[in-house]
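Asks: Oh and the sequence shown: position 332 is 392 in this note's numbering, straight run, nothing missing. Think of the CB as a built atom: it goes at the ideal place given N, C-alpha and C, for glycine as much as any other residue. Since the model is a prediction, treat every value here as computed from it, not as a measurement.
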Amino acid sequence: MADLAEIVAATDRHLAGRRVRRPEYEAESKALGYLAQVMAQNPARVLPSLCEQVLTVCGAESAGISLLANEHSDEFVWPAIAGKWAEFEGGGMPRSASPCGMVIRANRSLLFHDVEKQFPAAAGALPLIGEVLLAPFRVDNQPIGTVWAIMHSDAKRFDREDQRLLESLAHFAACAYKMADAVEAANKTREELKFVNLELAHRLKNILAVISAISSTSLRTVTPRADVIAFQARLQALAQAQDILVTRAQGEADIGTLAEAVVSKLCDHDRVELSGPPLALGPTATLTFSLILHELVTNALKYGALSSPAGKVYFSWAIIDDGERRIVARWSERGGPVVVQPSKRGFGTRLISMGILGRGDAKVHFKAEGLEVEFSAPLRALAEASATRTRIYGGAHSPDGA
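(1) Between Val114 and Ala123, is the Cβ-Cβ spacing less than 8 Å?
(2) Grab me the residues of Glu355's own chain with a C-beta within less than 7 Å of its C-beta, minus the 5 sequence neighbours each way, in chain order.
(3) Is the beta carbon of Ser213 less than 8 Å from the beta carbon of Phe179?
(4) Three or more C-beta pairs under 8 Å: does that hold for the segment 388-396 against the segment 423-437?
(5) Is there contact between the segment 195-202 and the segment 78-88, where contact requires at least three CB pairs shorter than 8 Å?
(6) Please report how far the alpha carbon of Ala52 lies from the alpha carbon of Ala129, in whole angstroms.
(7) In terms of residues, what are the limits of the beta strand (DSSP E) holding Gln401?
(8) Evaluate contact between the segment 311-330 and the segment 342-353, counting only Cβ atoms and requiring at least three cross-stretch pairs below 8 Å.
(9) In the DSSP output, what is Trp391 paired with across the bridge?
(10) Decide if Gly151 is buried, meaning its Cβ has at least 16 other Cβ atoms within 10 Å, or exposed.
(11) Helix, strand or coil for Pro154, going by three-state DSSP, please let me know.
(12) Over what stretch of residues does the beta strand (DSSP E) that includes Ala209 continue unbroken?
(13) When the Cα of Glu147 is compared with those of Ser368, Ala378, Ala185 and Lys423, which residue comes out closest?
(14) Leaving aside the five residues before and after Asp161 along the sequence, list all residues of the same chain whose C-beta is less than 6 Å from its C-beta, in chain order.
(15) Could you give the C-beta distance for Thr71 and Leu170, rounded to a whole number, given that I count them as a contact under 8 Å?
(16) With Val106 and Val117 assumed to form a contact (beta carbons below 8 Å), what rounded beta-carbon distance in angstroms separates them?
(17) Please classify Ala309 as buried or exposed, where buried requires at least 16 other C-beta atoms within 10 Å of its C-beta.
(18) Quick one: give me the first and last residue of the beta strand (DSSP E) that Phe172 is part of.
(19) When you compare each of Arg198, Ala233, Lys144 and Gly415 to Ile189 by their alpha carbons, which one comes out closest?
(20) Skipping 5 residues on each side, what residues in its chain have a beta carbon closer than 6 Å to that of Pro438?
(21) Going by the CB atoms, is the gap between Pro108 and Ala142 shorter than 8 Å?
(22) Return the CA-CA distance between Ala360 and Val388, expressed in angstroms with no decimal places.
(23) Let me confirm a value: Gln401 is counted as buried when at least 16 other C-beta atoms fall within 10 Å, else exposed. Which label applies?
(24) Whole angstroms are fine: how far does the CA of Trp208 sit from the CA of Ala120?
(25) Are the beta-carbon atoms of Leu334 and Phe375 separated by less than 8 Å?
(26) Considering only their Cβ atoms, is the gap separating Leu193 from Phe218 smaller than 8 Å?
(27) Just reading off the alpha helix (DSSP H) that His74 is part of, what are its end residues?
(28) Looking only at its chain, what residues have a beta carbon closer than 7 Å to the beta carbon of Leu92, apart from the 5 residues adjacent to it on each side?
(29) Can the beta-carbon of Val357 be found closer than 8 Å to that of Val398?
(30) Out of curiosity, what's the CA-to-CA distance linking Ala230 and Lys216?
(31) Any idea which residues DSSP pairs Gly124 with across the strands?
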């Protein structure tokens, strides 16, 4: 086998002695544009598609990619091959028996003739190699493999333009590989985070159950009992909201799903009409909204529209854009007893008035025909994982402020 210096010198000598055709920038741009489209639509097809583009732009008869498992690996694997050698895809070759190993050492493009004489192991792959041009495949400026183009026949010989095109495609391949690797790592992290979230949710539910049990024991002599029951119901509402959050991979909850869960837990779902587009709430907004909706339904059952057989509640939400995309949600009760504004503000009234983000931006109207509440919040803030914390204190809009 010739030493590396001789191979480098031979590569430069051969390429310098061949007629150089005009740069094919249009073909290069078209190939890169196609690969970018594949990367966006089907990342798993990028490397095979790249090999196909090497065949086209370099006029090669076989093209492929060789990768090392790691920097200490002694084996190249062939994850993608196109052309006459396509049947060898998924195979490989020892680093010491492959021209790819020389390219890794040199960290530059190399051209080889008489490959079978220099690397006897290559003689087992048919058709034989007439000439092979290889470019390094770099990740973080370190060569971890090669992109190669082969001529089996004498139909053509590679030139400087082939070298430039191959290096350009190798650079794209490295970027695509790095992106795919990042996506895989992100997916793995997401799965690990999902497992952690499920474990935390399980522990949180246990904590809420313990708090509920302690409250039952410690507050057993407290009167009126309705206050204790209401406190325990709020704990259950928090636990239910947490359940919905952890079932979503991104730690978000759809507002419609959440509303349906809260309503169906407390009353017949046909008593409350829900309407609005899909909308994801972040963790903080989910928990706050769940508590607010729990208070609204509970108080409607006690004192509002749902306390009357003919009464009904309408809860709707919409997205508006008045310079900033916002959600506007409306709670409206009809068909219940005449509403009178309570003389004092209790827990529920204060919680509802604070709004979804806890900024006091809810509008509460005690209309005679039924309670109406309007909530408004920027979509950006709703999606944040740590929206402004709600300070909870006070009571509900019942006549006695319970």
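Replies: In this structure, then:
(1) For the pair Val114 and Ala123, the CB atoms are nearer than the 8 Å cut-off.
(2) Hits under 7 Å: Gly408, Leu411, Ile412 and Ala456.
(3) With respect to the 8 Å criterion, Ser213 and Phe179 are not classified as neighbours on the basis of their beta carbons.
(4) Taking a cut-off of 8 Å for Cβ pairs, the segment 388-396 and the segment 423-437 touch, as three or more such pairs fall below it.
(5) Not touching, per the Cβ criterion.
(6) Here the chain has residues from 61 to 462 only, and residue 52 is not among them.
(7) For Gln401, there is no enclosing beta strand (DSSP E), as DSSP gives it neither H nor E.
(8) Yes, since at least three Cβ pairs between the segment 311-330 and the segment 342-353 fall closer than 8 Å, the two stretches touch.
(9) Within the DSSP bridge table, the entry for Trp391 names Phe375 and Val433 as partners.
(10) Result: exposed.
(11) DSSP places Pro154 in strand when its eight states are reduced to three.
(12) Run containing Ala209: Gln202 to Met211, per the beta strand (DSSP E) assignment.
(13) Taking the Cα of Glu147 as reference, the smallest distance to any Cα among Ser368, Ala378, Ala185 and Lys423 is reached at Ala185.
(14) Here residue 161 turns out to be Gly, not Asp, going by the sequence shown. The residues are Arg155.
(15) Indeed they touch by this definition, with Cβ atoms about 5 Å apart.
(16) Under the criterion of beta carbons closer than 8 Å, Val106 and Val117 do not qualify as touching, at roughly 16 Å.
(17) In this prediction, Ala309 scores a pLDDT of 46, lower than 50, which makes its location untrustworthy; no coordinate-derived value is stated.
(18) Phe172: member of the beta strand (DSSP E) spanning Leu170 to His173, first to last residue.
(19) Checked all of Arg198, Ala233, Lys144 and Gly415; the closest Cα to Ile189 is Lys144.
(20) Within the same chain, Glu384 and Arg386 come within 6 Å of Pro438 by CB-CB distance, once the 5 residues on both sides are set aside.
(21) The answer is yes: Cβ separation under 8 Å.
(22) Cα to Cα, the separation comes out at about 21 Å.
(23) Counting the other CB atoms within 10 Å of its CB gives Gln401 a total below 16, which places it among the exposed residues.
(24) Between Ala120 and Trp208, the C-alpha separation is close to 9 Å.
(25) Cβ atoms of Leu334 and Phe375: closer than 8 Å.
(26) Yes, the Cβ-Cβ distance between Phe218 and Leu193 is below 8 Å.
(27) Segment Leu64 to Ala76, the alpha helix (DSSP H) holding His74.
(28) Closer than 7 Å at the Cβ level, and outside the excluded window around Leu92, lie Phe232.
(29) Taking 8 Å as the cut-off, the Cβ atoms of Val357 and Val398 do not count as close.
(30) Ala230 and Lys216 have their C-alpha atoms spaced approximately 21 Å apart.
(31) Answer by DSSP bridge pairing, in chain order: Ile141 and Trp208.
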